[in-house]
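First up is the structure itself, then whatever we jot down about it.
There are 2 protein chains.
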Amino acid sequence: MPSLIECVPNFSEGRRPEVIEEIVRAIGQIDGVTVLDHSRDVTHNRSVVTFAGNAEHVVRAATAAVGRALELIDMTQHTGAHPRIGSVDVIPFVPIGSTRLEECVDLARRFGEQIAKLFELPVYLYGEAAIRPDRRRLADVRRGQYEALKLELGVNPDREPDFGPARLHPRGGAVAVGARKPLIAFNVNLATADVAIAKRIAHAIRESSGGMPAVQAMGVLLENPREPRYAQVSMNLVDWERTGIPAVVHEIRRLAHDAGTEIDHCELIGLAPTAALLEVTADALGLRGFSPDQALELRLARDR
Amino acid sequence: MPSLIECVPNFSEGRRPEVIEEIVRAIGQIDGVTVLDHSRDVTHNRSVVTFAGNAEHVVRAATAAVGRALELIDMTQHTGAHPRIGSVDVIPFVPIGSTRLEECVDLARRFGEQIAKLFELPVYLYGEAAIRPDRRRLADVRRGQYEALKLELGVNPDREPDFGPARLHPRGGAVAVGARKPLIAFNVNLATADVAIAKRIAHAIRESSGGMPAVQAMGVLLENPREPRYAQVSMNLVDWERTGIPAVVHEIRRLAHDAGTEIDHCELIGLAPTAALLEVTADALGLRGFSPDQALELRLARDR
Numbered sequence: 439m440p441s442l443i444e445c446v447p448n449f450s451e452g453r454r455p456e457v458i459e460e461i462v463r464a465i466g467q468i469d470g471v472t473v474l475d476h477s478r479d480v481t482h483n484r485s486v487v488t489f490a491g492n493a494e495h496v497v498r499a500a501t502a503a504v505g506r507a508l509e510l511i512d513m514t515q516h517t518g519a520h521p522r523i524g525s526v527d528v529i530p531f532v533p534i535g536s537t538r539l540e541e542c543v544d545l546a547r548r549f550g551e552q553i554a555k556l557f558e559l560p561v562y563l564y565g566e567a568a569i570r571p572d573r574r575r576l577a578d579v580r581r582g583q584y585e586a587l588k589l590e591l592g593v594n595p596d597r598e599p600d601f602g603p604a605r606l607h608p609r610g611g612a613v614a615v616g617a618r619k620p621l622i623a624f625n626v627n628l629a630t631a632d633v634a635i636a637k638r639i640a641h642a643i644r645e646s647s648g649g650m651p652a653v654q655a656m657g658v659l660l661e662n663p664r665e666p667r668y669a670q671v672s673m674n675l676v677d678w679e680r681t682g683i684p685a686v687v688h689e690i691r692r693l694a695h696d697a698g699t700e701i702d703h704c705e706l707i708g709l710a711p712t713a714a715l716l717e718v719t720a721d722a723l724g725l726r727g728f729s730p731d732q733a734l735e736l737r738l739a740r741d742r
Numbered sequence: 439m440p441s442l443i444e445c446v447p448n449f450s451e452g453r454r455p456e457v458i459e460e461i462v463r464a465i466g467q468i469d470g471v472t473v474l475d476h477s478r479d480v481t482h483n484r485s486v487v488t489f490a491g492n493a494e495h496v497v498r499a500a501t502a503a504v505g506r507a508l509e510l511i512d513m514t515q516h517t518g519a520h521p522r523i524g525s526v527d528v529i530p531f532v533p534i535g536s537t538r539l540e541e542c543v544d545l546a547r548r549f550g551e552q553i554a555k556l557f558e559l560p561v562y563l564y565g566e567a568a569i570r571p572d573r574r575r576l577a578d579v580r581r582g583q584y585e586a587l588k589l590e591l592g593v594n595p596d597r598e599p600d601f602g603p604a605r606l607h608p609r610g611g612a613v614a615v616g617a618r619k620p621l622i623a624f625n626v627n628l629a630t631a632d633v634a635i636a637k638r639i640a641h642a643i644r645e646s647s648g649g650m651p652a653v654q655a656m657g658v659l660l661e662n663p664r665e666p667r668y669a670q671v672s673m674n675l676v677d678w679e680r681t682g683i684p685a686v687v688h689e690i691r692r693l694a695h696d697a698g699t700e701i702d703h704c705e706l707i708g709l710a711p712t713a714a715l716l717e718v719t720a721d722a723l724g725l726r727g728f729s730p731d732q733a734l735e736l737r738l739a740r741d742r
C-alpha cells in the first residue's frame, strides 16, 4: 500500500470559526485526504487540523491549507497566548501504520522547499526533519516569536531560514515544518481529589525529571460539577514504542498504591495508533505470541 | 469506503499442497483481493483459505477458486475425516469493519445463484443466508455427506438445492454457500494441568449447556514437551458483540479462582476484528468515553 501520513498543521486563528472552516474545506477538497479532526482555542487564538492520506495527497492538501491561511490570517493583527511565528505556524508530518519516520522527514523537507518557493515564505525545518541541530526543538525555532523574527530576519545569520527569503511573508510571517512520531494524549484519573499526589506521580514518571523515557506528565485537579473531583495525571506519550500505555499504567498504579490511593479510570484524548492500543490488550490478557497483524483491519491496511 | 468482506472457503483437499497453491494463486491474482491465510490438514484432507476485499472483487476471486477446485479436486476419489459434500465444500462470507451482515447475506445468495448457473453445480444456502430454515445449520445441510447426497439428489425433494441442478456435479459434488459473523478463536490457559477444571469451566460458560450466549467452549490438556502442561479452555466466540473477550475472561477468572487456580496466559488464534480486541483495552484501563474510532487506522479505514 502507499505510505499513509498524518499532517497536523496549527493555524494562528482561533476566534473566527469561518476562517478555520474555509481552511478545513480547502484540505477536504483534495481527493484521497481524510480530515480526522479540527479544534479551535479562543484564548490561544489558535486552531489545529488533523488530516491523513498518502504522501502525494497530503502534500497537495497541506499546500492548499498554507495558501488559504496566508490569504485569511494576517499576522500583523494577531494576538494570543500561544507562541507563534506565522499564520500557519507549524506543520508536522507523522507516520501512520507501517510508514517510516524517515519518509516523513523527506516529505517535510521537500514540502518545505516547495512552499518556500511557491509563497515566498521563510521555512524552518524542526523536529526529526531539522537540518540544523539547534532547530530540533520547536521552542528554539520560535524563540521571541513573530515579533523577534521580524527584527532579526535578514540581520542575524542564526535566524536565516532553511528555505525561502530572509524576510517575513508580509501577512503570513514564517512557518516551521517538521516530522515527528505520533503522540498519545492519555490521562489517568486517581480515586482521590488530592492533586499533590497526582503532581508527585507526574514528577516521578516524566522524562524531564528523570522518569520514564518519552513521557511528558503533569498533575492537575479535574473539577466537573456533575462528577466527583479527580486528581489527574495528564500525559503525552511522545514515543509509545519506547514507553507505551501498559508501562505508564503499571507504574502509576504502583505509585498510587504507595500513596494510599488507586486508579479510578483512564481517558484517551483524540486518536492513537491502533498498535499502541493493542499493546494494552496483549498485556491485560497475557497474550502469548500475539502480533498486531492479528487485528483484521490492521492486517488488511498493511497488505493493500 | 466500499464494504469490506472476508471469504473463507473450505476445500476437500489437504494432501496435495500443489493443488491448494494453485487455488490460492487463482484467488490472489484478482486485483483488490488480499489472501490473509491458508492452512491444510492431512487427516481431514481439507484446506481453508481466508481472503478479503470489496464485494465485487471477493465474488470474482471466489468464482475463480470454485472453477479451479472443480478442475483439480475429484470428489469421487475423496476420503478424509471431515464431513464434506463437494470439492469446494463450504463458502462463507463474513462482514469486516462497518460492513453489515445483511450485505453478506445478499452477496452469498447472488454468488450462489451465479456459480450454480456457471458450473452446473447444486448450491445450498446455509447460515444467515439460508432461505429454508432447516438449512441454517451447516451440519443439517451436510447430513450423510457427499455419499448420501449422491443417492438422494433428484429423488428426495427435501434435498433439492436452492440453486442449480438436482444432480451432483460429476467431479465437484455440491457446495454450501452462506453468511456468518466473524468468529474469534480464543484460548485461556490455566495455571494447572488438571484438565477436569478446564472441562468444568468450559461446561459452565458454553451456550449449549446454558452458559454465555454465542460461546462455544471445551476443556483440553495442552502437552508440549518444552513447556509446563496447561489445562486449556478453548473457545470460539461466534458473536463477539453479544459475548466478547472481556466477559469470558472475567467469568473464567472467577471460576478458576473458585477452583483454586488462576489464568496463566491467553492465546488468540488467527485473526480477530480490531474492535473486539479494543474492547479488552477499554475494559483493562476502565477507559471512559472510548470509541474504536479513536484507533487511527480503524478511523481511516471507515472514512476512506
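These protein sequences, in sequence, are chains A and B.
For the first sequence, the numbering used here begins at 439 and goes up steadily by one.
For the second sequence, the numbering used here begins at 439 and goes up steadily by one.
A virtual CB, placed ideally from N, CA and C, is assigned to each residue, including glycine.
At a CB-CB cut-off below 8 angstroms, which residues of chain B make contact with residue i?
i: L510 (chain A); result: Within chain B, no residue comes near L510 (chain A); the closest Cβ sits about 26 angstroms away, beyond 8 angstroms.
In the DSSP assignment, what are the bridge partners of residue i?
i: E705 (chain A); result: A:N625
i: P533 (chain A); result: A:I443
i: Y795 (chain A); result: Since the first and last residues shown for chain A are 439 and 742, residue 795 (chain A) lies out of range.
i: M673 (chain A); result: A:F624, A:A655
i: L725 (chain B); result: A:C704
i: V528 (chain A); result: A:N448, A:A614
i: Y668 (chain B); result: B:L660
i: S485 (chain A); result: A:F449, A:R478
i: V497 (chain B); result: Answer by DSSP bridge pairing: none, since V497 (chain B) is not bridged.
i: H607 (chain A); result: A:G611
i: F601 (chain A); result: A:V561
i: A733 (chain B); result: A:A710
i: T514 (chain B); result: According to DSSP, which records beta bridges pairwise, T514 (chain B) is partnered with nothing at all.
i: G491 (chain B); result: B:I443
Could you work out which residues of chain B lie near residue i, taking near to mean beta carbons separated by less than 9 angstroms?
i: I534 (chain A); result: L734, E735, L738
i: V687 (chain A); result: A722, L723
i: G708 (chain A); result: Q732
Along chain A, which residues have their Cβ under 7 angstroms away from the Cβ of residue i?
i: R726 (chain B); result: H703, E705
i: A577 (chain B); result: Result: empty, since nearest Cβ-Cβ is about 27 angstroms, beyond 7 angstroms.
i: A490 (chain B); result: L738
From this set, the options, which residue's C-alpha is nearest residue i's C-alpha?
i: D512 (chain B); options: B:P599, B:R575, B:R478, B:P608; result: B:P608
i: Q654 (chain B); options: B:E645, B:E661, B:L734, B:P666; result: B:E645
i: A720 (chain A); options: A:L539, A:S485, A:L576, A:A733; result: A:A733
i: F557 (chain B); options: B:R605, B:R484, B:Q583; result: B:R605
i: H476 (chain A); options: A:Y564, A:G708, A:L736, A:P603; result: A:G708
i: V514 (chain B); options: B:Q583, B:L539, B:T630; result: According to the sequence as given, residue 514 (chain B) is Thr; it is not Val. That would be B:Q583, whose Cα lies nearest to the Cα of T514 (chain B).
i: H495 (chain A); options: A:R478, A:V473, A:H516; result: A:V473
i: C542 (chain B); options: B:I553, B:Q552, B:G565; result: B:G565
i: A631 (chain A); options: A:A464, A:D731, A:G698; result: A:G698
i: L725 (chain A); options: B:L539, B:D596, B:E598, B:L628; result: B:L628
i: G524 (chain A); options: A:R581, A:A546, A:R548; result: A:R581
i: V676 (chain A); options: A:A617, A:N662, A:G727; result: A:A617
i: S441 (chain A); options: A:R538, A:P455, A:A500, A:I461; result: A:R538
i: A612 (chain A); options: A:R463, A:L563, A:S729, A:A694; result: A:L563
Is there at least one Cβ from chain B nearer than 9 angstroms to residue i's Cβ?
i: I458 (chain A); result: no
i: P711 (chain A); result: yes
i: L589 (chain A); result: no
i: P620 (chain A); result: yes
i: I391 (chain A); result: The structure shown does not extend to residue 391 (chain A), since chain A is modelled only from 439 to 742, so the question has no answer here.
i: A499 (chain A); result: no
i: L675 (chain A); result: no
Using a Cβ cut-off of 8 angstroms, pull out every chain A residue sitting near residue i, in sequence order please.
i: V718 (chain B); result: V718, T719, A722, L723
For residue i versus residue j, is the C-beta spacing smaller than 9 angstroms?
i: G610 (chain A); j: V526 (chain A); result: yes
i: A669 (chain A); j: A636 (chain A); result: yes
i: V615 (chain A); j: V480 (chain A); result: no
i: A490 (chain A); j: C445 (chain A); result: yes
i: W678 (chain B); j: A652 (chain B); result: yes
i: E735 (chain A); j: I443 (chain B); result: no
i: T712 (chain B); j: T712 (chain A); result: yes
i: I569 (chain B); j: R597 (chain B); result: no
i: V487 (chain A); j: P447 (chain A); result: yes
i: A722 (chain B); j: A694 (chain A); result: no
Within 9 angstroms of any Cβ in chain A, is that where the Cβ of residue i sits?
i: E551 (chain B); result: no
i: I468 (chain B); result: no
i: E444 (chain B); result: yes
i: L563 (chain B); result: no
Given that residue i touches chain B, what residues does it touch there, using C-beta distances under 7 angstroms?
i: L660 (chain A); result: By Cβ distance, chain B contributes nothing, its closest Cβ being about 11 angstroms from L660 (chain A), past 7 angstroms.
i: L715 (chain A); result: L716, T719, A733
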